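Q: This is the structure, below, for whatever I ask next.
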């Protein structure tokens, strides 16, 4: 094993606990940044390019027919190989947390739309599910099994928010283990079916899952109900005949107590488990080798890496599998130093051998992704699932490198100001509300006094009203100043009553004529 430190450019703030790495034909891509994407990379997906131990994140491109893919953190992902060449490289993404801290129940399929001179254009589609649709969750696993020439996705575990009827203001973000149901998902037809297996009694999350052909092995995990990390080892086998699928589970001996571990594949039938936690206050510093065979699994400890003092003394760690026996690790920086980085990153090479690209073996794990400022260091509540099987390639710099310096100074442009006492627009949680918005909130100018800008959404403006105001020349006053503006308005000038023209007021044929003095008197009377 070899451990090397990795330096990161200006975009180091994008790499936060909760990200995922995905491999498409030898290229690794980063997904799940913290916060909503900015103009420099509106897709939120980056090419994860490491050369000479220096990491560059280069924005990825999506086709025009792609759906919107939010930057989900802690989702369950796995690679999926379709029956045709065009479907050879796909990734399934389910669940996860949005930057608004909401849980997603959607399932996305990412594939390569085209690839020109090593530059990849992705296509993302959202798959609608029917049947026993899994609830929104995170910290779970999704794998693909193959049986009798067919394939199906298997979803298990994870955590979700408490039911709305049980949520209170003090415990609004409290989570609970999802029921230990196994879901089979048909990606072609979008059908989901739930199975209750008697061997699975307790909900699990942040476990390790390894799929081989028609079998999935579930190792470790953490249970919120009992607050333990049991030494679980389950074998779930799926048979796909012409009729109803058959799912059975077997409890095996020889499991390990671990949660939030990272798994990387070193050859066709061998995996290495790195990191994670064995107790609430103790990281798991040893590594394990998992060897698979026909109806067989063996787990044994291996040589411990030469961890640096920073890694040994850090309270949390997180990372993801880069493939080919390589793991990407991160630890918090030293906050005591004024110029310290937020995180330090390392690459751990467990093997120099290249694994087969065509094998139908996929590893998943939920690695430590705790936000240091959000909760206690050893909670598993901010962890995620990933799957990736390749290291970066040595290609030309054909992608534009993301640089945070290219972004506008948002404190100057004023899009993220507190526009009113009730303003709730935040750069880290904002999502488009109007159809005209993309990367920044719509604003409207208040003409009160010297004038100031306010967010249209904070003013509760309907979209048609906003468009009408933008097209006209009428002055607008925000909710705070509209009453003042009305009080200062000049009263409307009443139009004078229309008076009939002066006519000779004498009876026809009477012979009496108004004198000038009488005419003057009558004018004053009517005026």
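Numbering (UniProt numbering), first residue to last: 1 to 527.
Glycine included, C-beta positions come from ideal geometry on N, C-alpha and C.
It should be emphasised that the depicted structure is a prediction, and the values quoted were computed from it without experimental measurement.
What separation, rounded to the nearest whole angstrom, lies between the Cα atoms of residue 130 and residue 177?
A: 23 Å
Q: Quick one: Cα of residue 2 to Cα of residue 306, how far?
A: 8 Å
Q: Looking at residue 140 and residue 192, is the spacing between their C-beta atoms short of 9 Å?
A: no
Q: Mind checking who residue 7 pairs with in its DSSP beta bridge?
A: 54
Q: Let's see if you can read the secondary structure: which residues bound the beta strand (DSSP E) around residue 70?
A: Counting along the chain, residue 70 falls outside any beta strand (DSSP E), and DSSP gives it neither H nor E.
Q: Could you tell me whether the segment 61–77 touches the segment 29–44, where touching means 3 or more Cβ pairs closer than 8 Å?
A: Look at the beta carbons and you see the segment 61–77 touching the segment 29–44: at least three pairs across the two are nearer than 8 Å.
Q: List the endpoints of the continuous beta strand (DSSP E) containing residue 332.
A: 326–332
Q: Secondary structure at residue 294, three-state DSSP: helix, strand or coil?
A: Three-state DSSP puts residue 294 in coil, outside helix and strand.
Q: Pull up the distance between the alpha-carbon of residue 470 and that of residue 96, whole angstroms please.
A: For residue 470 and residue 96, the distance between alpha carbons rounds to 37 Å.
Q: Using 8 Å as the cut-off, can you tell me whether the segment 250–268 makes contact with the segment 194–213, which would need three or more C-beta pairs spanning the two stretches below that distance?
A: Yes, since at least three Cβ pairs between the segment 250–268 and the segment 194–213 fall closer than 8 Å, the two stretches touch.
Q: Measuring straight from C-alpha to C-alpha, what distance separates residue 349 and residue 181?
A: 35 Å
Q: Can you tell which of 232, 160 and 288 has its C-alpha closest to the C-alpha of residue 325?
A: 288
Q: Got a sec, what are the start and stop residues for the beta strand (DSSP E) residue 312 sits in?
A: Where residue 312 is concerned, there is no enclosing beta strand (DSSP E), although the alpha helix (DSSP H) around it starts and stops at 309–313.
Q: Here's the rule I'm using: 16 or more other beta-carbon atoms within 10 Å means buried, otherwise exposed. How should residue 67 be labelled?
A: exposed
Q: Skipping 5 residues on each side, what residues in its chain have a beta carbon closer than 8 Å to that of residue 112?
A: Counting only Cβ-Cβ distances below 8 Å, and skipping sequence neighbours, we find 24, 25, 89, 120, 121, 122 and 123.
Q: According to DSSP, is residue 355 helix, strand or coil?
A: Here the model assigns residue 355 a pLDDT of 43, short of 50, so the residue's position is not dependable, and the following value carries that caveat. Coil.
Q: Using three-state DSSP, classify residue 237 as helix, strand or coil.
A: strand
Q: Anyone know if the C-beta pair for residue 183 and residue 154 falls short of 9 Å?
A: In this structure, residue 154 lies closer than 9 Å to residue 183 by Cβ.
Q: For residue 100 and residue 453, what's the separation of their Cα atoms in angstroms?
A: 24 Å
Q: Starting from residue 453, trace the beta strand (DSSP E) both ways and give me its first and last residue.
A: 452–455
Q: Going by DSSP, name the residue or residues bridged to residue 97.
A: Note: residue 97 sits in a beta bridge opposite 73 and 103.
Q: Would you call residue 266 buried or exposed, if buried means 16 or more other Cβ atoms sit within 10 Å of its Cβ?
A: buried
Q: Could you compute how far the alpha carbon of residue 320 sits from the alpha carbon of residue 479?
A: 48 Å
Q: Give a yes or no on whether the minimum CB-CB distance between residue 284 and chain D is below 9 Å.
A: In the structure shown, chain D cannot be found, because there is only a single protein chain.
Q: Would you mind sorting residue 347 into buried or exposed? The rule is 16 or more other CB atoms within 10 Å of its CB.
A: buried
Q: Which residues in the same chain have their Cβ closer than 8 Å to the Cβ of residue 442, if we skip the five residues on either side of it in sequence?
A: 433, 434, 436, 455, 456, 457 and 466
Q: Does DSSP classify residue 266 as helix, strand or coil?
A: strand
Q: Which parts of the segment 118–158 are runs of the beta strand (DSSP E), unbroken and 3 residues or longer, counting only runs that do not cross its ends?
A: Entirely contained in the segment 118–158, the beta strand (DSSP E) runs reaching 3 residues are, in chain order, 119–127, 141–147 and 150–156.
Q: Among residues of its own chain, excluding the 5 on either side of residue 256, which ones have a beta-carbon nearer than 7 Å to its beta-carbon?
A: Around residue 256: 219, 220, 231, 288 and 299.
Q: Could you tell me whether the Cβ atoms of residue 247 and residue 239 are closer together than 9 Å?
A: yes
Q: On the criterion of 16 or more Cβ atoms from any shown chain inside 10 Å, does residue 309 qualify as buried, or is it exposed?
A: exposed
Q: Expressed to the nearest angstrom, what Euclidean distance is found between the alpha-carbon atoms of residue 128 and residue 144?
A: 18 Å
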